[in-house]
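Q: Residue numbers (my numbering), protein chains in the order written: chain H, 1 to 523; chain L, 1001 to 1102.
For each residue, glycine too, the CB sits at the ideal point set by N, CA and C.
#1: Residues of chain L with a CB under 8 Å from the CB of residue 295 of chain H: which are they?
#2: Kindly list, in the order they appear in chain L, the residues whose Cβ is closer than 8 Å to that of residue 292 of chain H.
#3: Would you mind sorting residue 1013 of chain L into buried or exposed? The rule is 16 or more other CB atoms within 10 Å of its CB.
#4: What whole-angstrom Cβ distance do residue 525 of chain H and residue 17 of chain H have, given they're in contact under 8 Å?
#5: List the residues of chain L whose Cβ lies closer than 7 Å to the Cβ of residue 285 of chain H, in chain order.
#6: Counting contacts by CB-CB distance shorter than 7 Å, is residue 517 of chain H in contact with chain L?
#7: So the alpha helix (DSSP H) residue 266 of chain H belongs to, where does it begin and stop?
#8: Starting from residue 1025 of chain L, follow the alpha helix (DSSP H) in both directions and report where the run begins and ends.
#9: At which residues does the alpha helix (DSSP H) containing residue 51 of chain H begin and terminate?
#10: Would residue 465 of chain H pass as a contact of residue 474 of chain H if the rule is Cβ separation under 7 Å?
#11: I need the DSSP call for residue 1056 of chain L, collapsed to helix, strand or coil.
#12: Taking one C-beta from the segment 63-78 of chain H and one from the segment 239-257 of chain H each time, how about it: are there three or more such pairs within less than 8 Å?
#13: Spatial neighbours of residue 47 of chain H within its chain, please: C-beta separation below 7 Å, excluding the five flanking residues on both sides.
#14: Using the Cβ count rule (16 or more neighbours within 10 Å means buried), how would you classify residue 1059 of chain L?
#15: Once the 5 residues before and after residue 288 of chain H are set aside, which same chain residues still bring their CB inside 6 Å of it?
#16: Looking at chain L, is there any beta carbon in it that lies within less than 7 Å of the beta carbon of residue 431 of chain H?
#17: For residue 437 of chain H, would you say it is in contact with chain L, using Cβ-to-Cβ distances shorter than 7 Å as the test?
#18: Can you find the residues in the same chain that come closer than 6 Å, C-beta to C-beta, to residue 61 of chain H, ignoring five residues on each side of it along the sequence?
#19: Does the pairing of the segment 118-134 of chain H with the segment 398-414 of chain H give three or more beta-carbon distances under 8 Å?
#20: Measuring only the C-alpha atoms, how far is residue 326 of chain H from residue 339 of chain H?
#21: Under 7 Å, Cβ to Cβ, is there at least one residue of chain H near residue 1001 of chain L?
#22: Round the Cβ separation of residue 210 of chain H and residue 301 of chain H to the nearest angstrom and send it over; I've been treating them as touching at under 8 Å.
#23: State the beta-bridge partners of residue 449 of chain H as determined by DSSP.
#24: Use the C-beta contact count for residue 390 of chain H: other C-beta atoms within 10 angstroms, 16 or more gives buried, fewer gives exposed.
#25: Can a CB atom of chain H be found closer than 7 Å to the CB of residue 1023 of chain L?
#26: So who's on the other strand from residue 1101 of chain L, going by DSSP bridges?
#27: With three or more C-beta pairs closer than 8 Å as the rule, is the segment 1059-1071 of chain L touching the segment 74-92 of chain H?
#28: Using CA atoms only, rank isn't needed, just tell me which of H:322, H:125, H:119, H:479 is closest to residue 384 of chain H.
#29: Just the chain L side, please: which residues come within less than 8 Å of residue 288 of chain H by C-beta, in chain order?
#30: Between residue 2 of chain H and chain L, is there a C-beta pair that is closer than 7 Å?
#31: Are the CB atoms of residue 158 of chain H and residue 149 of chain H nearer to each other than 7 Å?
#32: Per DSSP, what are the beta-bridge partners of residue 1062 of chain L in this structure?
#33: Assuming residue 170 of chain H is part of the alpha helix (DSSP H), what are its boundary residues?
#34: With a threshold of 7 Å between beta carbons, is residue 1089 of chain L in contact with chain H?
#35: So that I know if they touch, is there some Cβ in chain L lying closer than 7 Å to that of residue 89 of chain H?
#36: In three-state terms, what does DSSP make of residue 488 of chain H?
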């Protein structure tokens, strides 16, 4: 979460940062293939259901891969491997937090979400409540989550590409912004899904090869790898270190990582691409398996980099260790393999920002335009026009934000995005699914409380006050606000709903059950 | 075929449907709580008793490594258990109820 992808150091001991023909070739191949897919998808993307939900034609397995693709960002690939390479075991604690949210998505949310909604998670929250207020607040919650996530990705992309290809930061940001806008604008969810699937396969296979090449140096024995790490850097690398000391900090961060996953709009949106609840269920199983496997790989990559490249050399290039995986690739597979892994990292960023942009555009066109400005009556043509305009606007905005935040420490924004997702989006979504007496006012207050508390508390937390503004101490003690902001959101939702019951909403709760549990009438 | 058809309202009120919804949430809640206990138990262990996790179980391998990787595997197995249950029990019950709707 606090994975700094700001790579300002100039590489000295590796070919990083120079134009590598393999990586440039690979990158162009990826862009060419994905743009061709976009062209193919564009012909199939006419209706709203095709643009937002790929015509519900994605299989459970494909969606599982695409979910994994959406979730395995460059930050988790490079950042977690780097954290293990520089801090040892603590990096794994982080990945566990990112993974354990997935089972909860399956047990609590996936199937009702698929059965009740159409394109966005706000469909579910608004299902039996009053449309306008719910749509307004939930799209604010969505857009805030997306914006912070997007800024972190764009700034990370610019820095990463500069380090990888020696391309100017500004050019990199503009290229990423334009290519991902093309995917979403013309190919909608169909193109975005296939970009995710290709990227997931590339990333998983690239990381697997990297692990095999590294383990080969230790006679394919992980024990020998750990022995090397222990004898060179000390046994303490192999057990939890200073990462978690305060249990409340641990709890708060754990909640944000775990339940934030269940409130990420671009992840939730993917459940509408499959035909039914059964496929939604299968896709979580597939996604959890691939993501878990991926974190196992990053763990091994981190330790291999520590042993083979060496901690000092990794830290010399980037203090956070973000280049560990790439340096390891160069060491074990030469410049060509480095090029391959670099191109995969770039593809990863492109795919993630495309997913974010699509879900942002859906929130604007489907939630705000149709249900707020048009009061629920809009023709499909008008809605699609707005969706496409919103895509272009978000593409431009993400480029501008990438440029504005150049050189800023934006690593905290991923943590903030997870905290808002866990506090503003998740509680309202869960309560609307399981609690009969949940009301419109309760939902509005819950979402607003979660979002505002997350924002205010993160500014007052050590993450910003100490690490960025340089104060000695922070007003709010926890690094991530989720413990307080999420509890506040649940509490507010419950109290407000109980104080002012909404009989119409409660009555509808009963009648929607056929749809929630049997899928009768699901779109 | 021989079953009498029921109105949606009758289905909602039927004991079969109520039992299904109850069962669905008990399975979900048990699995959810298991995941929460395992994950937060691990975090508390990390926060309060690092020594236990630093125990060596091999020449260099610590207890922390199989536990950490085990949690990842465990999370996946839990999703597998849910899918197995839902595919075999839940879906069948859903089909039966859907066939009764007039």
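A: To lay it out plainly:
#1: Those within 8 Å of residue 295 of chain H in chain L are 1072.
#2: Within 8 Å Cβ-Cβ: 1072, 1073, 1075, 1076.
#3: Under this definition residue 1013 of chain L is an exposed residue.
#4: The structure shown does not extend to residue 525 of chain H, since chain H is modelled only from 1 to 523, so the question has no answer here.
#5: Result: 1079, 1080, 1083.
#6: It does; some Cβ of chain L falls within 7 Å.
#7: DSSP places residue 266 of chain H inside the alpha helix (DSSP H), whose first and last residues are 265-269.
#8: Residues 1015-1048.
#9: Counting along the chain, the alpha helix (DSSP H) containing residue 51 of chain H begins and ends at 48-53.
#10: A contact, by the Cβ cut-off of 7 Å.
#11: Collapsing the DSSP output to three states places residue 1056 of chain L in a strand.
#12: Output reads no: the segment 239-257 of chain H does not touch the segment 63-78 of chain H.
#13: 380.
#14: By the neighbour-count definition (other C-beta atoms within 10 Å, threshold 16), residue 1059 of chain L is an exposed residue.
#15: Excluding sequence positions up to five before and after residue 288 of chain H, its CB lies within less than 6 Å of the CB of 102, all in the same chain and listed in chain order.
#16: Taking 7 Å as the CB threshold, residue 431 of chain H stays off the interface with chain L.
#17: So, not an interface residue.
#18: Taken in chain order, the residues that qualify are 286.
#19: Touching, no, given that fewer than three Cβ pairs across the two stretches are closer than 8 Å.
#20: So the two alpha carbons sit approximately 9 Å from each other.
#21: Confidence is the limiting factor: at residue 1001 of chain L the pLDDT is only 48, short of 50, which leaves the residue's position unreliable, though a coordinate-based value still follows. Output row for residue 1001 of chain L: interface = no.
#22: The pair is a contact, with the Cβ atoms about 6 Å apart (cut-off 8 Å).
#23: Answer by DSSP bridge pairing: none, since residue 449 of chain H is not bridged.
#24: Buried, since its Cβ has 16 or more Cβ neighbours within 10 Å.
#25: No - not a single Cβ of chain H is within 7 Å of the one on residue 1023 of chain L.
#26: Under DSSP, residue 1101 of chain L takes part in a beta bridge, and its partners are L:1006.
#27: Contact between the segment 74-92 of chain H and the segment 1059-1071 of chain L is present, with at least three C-beta pairs closer than 8 Å.
#28: The candidate whose alpha carbon is nearest that of residue 384 of chain H is H:119.
#29: Against chain L, the beta carbon of residue 288 of chain H has neighbours under 8 Å at 1075, 1076, 1079, listed in chain order.
#30: Because the pLDDT of residue 2 of chain H is 37, which lies under 50, any placement of that residue in the model is unreliable, and the number read from its coordinates should be weighed accordingly. False, the Cβ-Cβ gap to chain L never drops below 7 Å.
#31: Cβ distance not < 7 Å, so residue 158 of chain H and residue 149 of chain H don't count as in contact.
#32: Looking at the DSSP output, residue 1062 of chain L sits in a beta bridge with L:1056.
#33: For residue 170 of chain H, the uninterrupted alpha helix (DSSP H) segment begins and ends at 169-216.
#34: Among the CB atoms of chain H, none fall inside 7 Å of the CB of residue 1089 of chain L.
#35: It does; some Cβ of chain L falls within 7 Å.
#36: The three-state secondary structure of residue 488 of chain H, taken from DSSP, is helix.
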